[in-house]
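Below is one structure, written out as C-alpha cells; the observations come after it.
Protein chains in written order, with this note's numbering: chain A, 13 to 141; chain B, 74 to 226.
Printed below as a string of C-alpha cells:
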C-alpha cells in the first residue's frame with residue numbers, strides 16, 4: 013500500500029540544485045523525514061545524473077546548513093547518494109555545521125565513511141586539495 | 074493500581090492518521106509537551122523528538138506494509154521522576170528486540186536499519202510491547218536528581 017502524502021501548509025521545505033567550485037550541490041531548507049523523503053530522493057538522483065554528465069569532476073554534495081531536523085530516513089537517502097558516487101569512484105560530501113543534523117551524523121559515526129565539512133566554502137578545498 | 078497511579082501524572086495524547094505528513098506533527102507535539110518539563114534540557118528535547126520521529130515513521134511504514142489505515146496513538150505521561158512517550162500502531166506487531174540494539178558500524182552499503190538503534194541510543198529506555206493487534210513503543214526519559222554526593226558537594 014502506498015503511504016499517502018498529505019500537504020501541510022505550515023511546513024517549509026525547499027530543495028535547490030546548484031553548481032559550486034566543480035561540485036553539484038543539493039541544498040535543502042526544512043526537515044528531512046518520511047514526508048520529504050520522496051522529493052529528497054528524487055533530487056539526489058537528479059543531481060547525481062547532473063554531476064556525472066557535467067564537465068566538473070563529478071563531485072556531489074548535500075548541504076544541510078538550513079536543515080533543522082533529519083532522521084534516519086534522510087540519513088538513508090544521503091547514504092544512497094554516497095553509494096552512487098562510490099560506484100563511480102567520484103567524490104561525495106555533506107555540508108553540516110553544528111546542530112541536530114551534524115549531531116546525528118556524529119552519533120552514527122558516519123564521519124568514518126562520509127566527508128563532512130562545516131560550510132560550502134570548504135568544498136573548494138576538498139575538490140582541489 | 075501500580076506505583077504510577079499514586080504519582081502526580083500529567084497525560085497528553087494525540088491520535089493521527091498513518092500519513093507521511095503527520096510525522097512532523099507527532100514530534101512537534103511531543104516536543105512541545107516535553108518542553109513543559111523544566112528538567113528536560115534542550116539537547117534531550119532534540120533527542121526525544123528524533124526518537125519519536127523514528128518510532129512514528131516505523132508505525133506508519135508498518136501499517137502501510139500490512140494494509141492497515143488505523144489511527145496511531147501517541148501518549149505522553151509525565152511525572153516528577155520521568156517523561157514517557159507511548160506510540161501505538163495497529164500493524165500486527167513485529168519481532169521486537171528484548172535488549173537495546175547497538176548503533177551499527179558505519180557501512181556505505183547500509184542505508185537503513187537505524188531506527189531501532191537510534192531509539193535505544195536517544196532515550197534512557199526504549200521498550201516494545203507487541204500484541205496481535207500491533208506494537209506500542211515506549212520511550213522514557215528519566216529525571217536525574219542531583220544529590221550532595223552526585224554533585225560533589
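Heads up, the beta-carbon is just placed ideally off N, CA and C, and yes, glycines get one too.
Could you check whether the Cβ of residue 206 of chain B sits closer than 8 Å to any Cβ belonging to chain A?
no
Can you tell me which of the three DSSP states residue 81 of chain A falls into?
strand
C-alpha distance - residue 181 of chain B paired with residue 220 of chain B, whole-angstrom precision
Near 45 Å, if we compare the C-alpha coordinates of residue 220 of chain B and residue 181 of chain B.
Can you tell me which residues form a DSSP beta bridge with residue 31 of chain A?
Residue 31 of chain A pairs with A:36.
Below-8 Å beta-carbon distance, residue 212 of chain B vs any chain A residue:
no
Going by the CB atoms, is the gap between residue 29 of chain A and residue 69 of chain A shorter than 8 Å?
Residue 69 of chain A is not a Cβ neighbour of residue 29 of chain A, given a cutoff of 8 Å.
Extent of the continuous alpha helix (DSSP H) to which residue 54 of chain A belongs
Segment 49-65, the alpha helix (DSSP H) holding residue 54 of chain A.
Measure from the alpha carbon of residue 177 of chain B to the alpha carbon of each residue in A:113, A:24 and A:122, then state which is nearest.
A:122
Does the beta-carbon of residue 79 of chain A have 16 or more other beta-carbons within 10 angstroms, so that it is buried, or is it exposed?
buried
Have a look at A:130, A:124, A:24 and A:32 and flag the residue whose alpha-carbon is nearest the alpha-carbon of residue 226 of chain A.
Residue coverage of chain A in this structure runs from 13 to 141, which leaves residue 226 of chain A outside it and unanswerable.
Can you pull the chain B residues whose beta carbon is under 9 Å from the beta carbon of residue 26 of chain A, in chain order?
Result: empty, since nearest Cβ-Cβ is about 15 Å, beyond 9 Å.
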